[in-house]
Amino acid sequence: MTTEKKSKEGVAETLALFDLDEKWQEIRKKIEAREISFEVGVCRFRSLLEATLDPELTSSLEVTDDSAAATAESDVGTSNPEDTKPRMLARVELRNALRRVDETDATNERGKTHDSVEDWRRWMEQFYKKYGFNIQVPPPGVTREQLVGWRQDGMQIFYRPSELLVPTSKLIQAFGHENHWTLEKDQVRKIGWEPAKVGYWFLAEAREACLRHGKTFKEYEEEKPEGAELVSLEEYLIIWHVLKDDLQMILDSEFHTMFRTSYGIGETLYALSNINNLAIELIVRKWSKMIVLRRMGARYRWIIPSV
């Protein structure tokens, strides 16, 4: 009997599949033991997957094994062949899991309706309370199905309080940036801050890496979808800390996010994360609106009405 020796790519693919499955099984056990809700478990699973999923993979991918295989086949020329199949299978598992959230997690063990929107509203309140701000967060005007669908596509809703209740300067201090804010004090005054007159919910792209990159600020502005804006520095601070606290997800350790926030004349700001010796630092720098950098990306956000 002869045995066929696996290629390096085949071994790497198998190991990656075992690794992803092992992580999912650990989370699944916690869900079954009701230590965490199914939806929270799926969100944690997604945070683990983002390191292997292709940032260019869009939400248009159908969740069938055939379409996943076809995508993997066509993606060989642009992605690493060692991890293409694990990426596709992970995406199928994630989408199927999120579909189960919709279908089977409508009620909890006590028969009460499970409201993921209300859960998230309360979580946002607790988020600000943890940083010293006792505010009332209004319910967002979205349905549970909308929220699940957005999360499925790597998006999340966030609440930004009014400047009167939570001044940006106080929020920066509470987040711990006062002593290592990377723009020098004489530069901070050039930031074109956008104070919020009233609090608002917004939907934002919340993957670890930007979906788009390698263009100028002007191109990102011209290509923004209807009703969308590039995120502002203030909004990004909230996104960055919410995802770090909720999912232990660190944004932009490889690609950078450019903001609509102006800086002086003809310049804007961008952020990246520096992870070194388990220390995580959020870095904010200035950038020209006309220069292209391959790793310079952008995130969009949409205003969500409150109830």
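So in my numbering, spot 254 of the sequence shown is number 254, and the numbers just go up one at a time.
For each residue, glycine too, the CB sits at the ideal point set by N, CA and C.
Can the beta-carbon of residue i be found closer than 8 Å to that of residue j?
| i | j | result |
| --- | --- | --- |
| tryptophan 123 | leucine 203 | no |
| phenylalanine 255 | valine 231 | no |
| isoleucine 275 | arginine 160 | no |
| isoleucine 191 | leucine 233 | yes |
| valine 142 | isoleucine 304 | yes |
| tyrosine 263 | leucine 272 | no |
| isoleucine 157 | tryptophan 201 | yes |
| glutamate 267 | tryptophan 240 | no |
| arginine 212 | alanine 298 | yes |
| histidine 177 | leucine 282 | yes |
Closer than 6 Å by C-beta to residue i: which residues in its own chain qualify, once you throw out the five before and the five after it? Chain order, please.
| i | result |
| --- | --- |
| valine 166 | Phe133 |
| arginine 144 | Ser116 and Val117 |
| alanine 174 | Tyr131 and Gly132 |
| proline 195 | Glu163 |
| arginine 121 | Val137 and Pro139 |
| isoleucine 135 | Tyr128, Pro161 and Leu165 |
| arginine 294 | Gly214 |
| threonine 261 | Gly192, Ser232, Leu233 and Leu269 |
| glutamate 32 | none |
Over the uninterrupted alpha helix (DSSP H) stretch that includes residue i, give me the two end residues.
| i | result |
| --- | --- |
| isoleucine 238 | 233–247 |
| leucine 147 | 144–152 |
| phenylalanine 133 | Run containing phenylalanine 133: none; DSSP gives neither H nor E here. |
| glutamate 208 | Here glutamate 208 belongs to no alpha helix (DSSP H), and DSSP marks it neither H nor E. |
| lysine 218 | 217–222 |
Ignore the nearest five residues each way along the sequence and tell me which others in residue i's own chain have a CB closer than 8 Å to its CB.
| i | result |
| --- | --- |
| threonine 216 | Lys289, Met290, Ile291 and Val292 |
| methionine 155 | Leu203, Ala204, Glu205 and Ala206 |
| tyrosine 300 | Ala204, Glu205, Lys224, Pro225, Ala228, Glu229, Leu230 and Val231 |
| lysine 30 | Ile36 and Gly41 |
Would you kindly report the start and end of the unbroken beta strand (DSSP E) that includes residue i?
| i | result |
| --- | --- |
| lysine 286 | 279–288 |
| threonine 261 | 256–262 |
| arginine 34 | Per DSSP, arginine 34 belongs to no beta strand (DSSP E) and is neither H nor E. |
| glutamine 156 | 155–160 |
| aspartate 172 | For the sequence presented, residue 172 should be read as isoleucine rather than aspartate. Unbroken run through isoleucine 172 is the alpha helix (DSSP H), 168–174; no beta strand (DSSP E). |
| glutamate 205 | 200–205 |
Give me the DSSP bridge partner(s) of residue i.
| i | result |
| --- | --- |
| serine 253 | BP columns for serine 253 are empty, so no partner. |
| serine 273 | Leu282 |
| tyrosine 300 | Leu230 |
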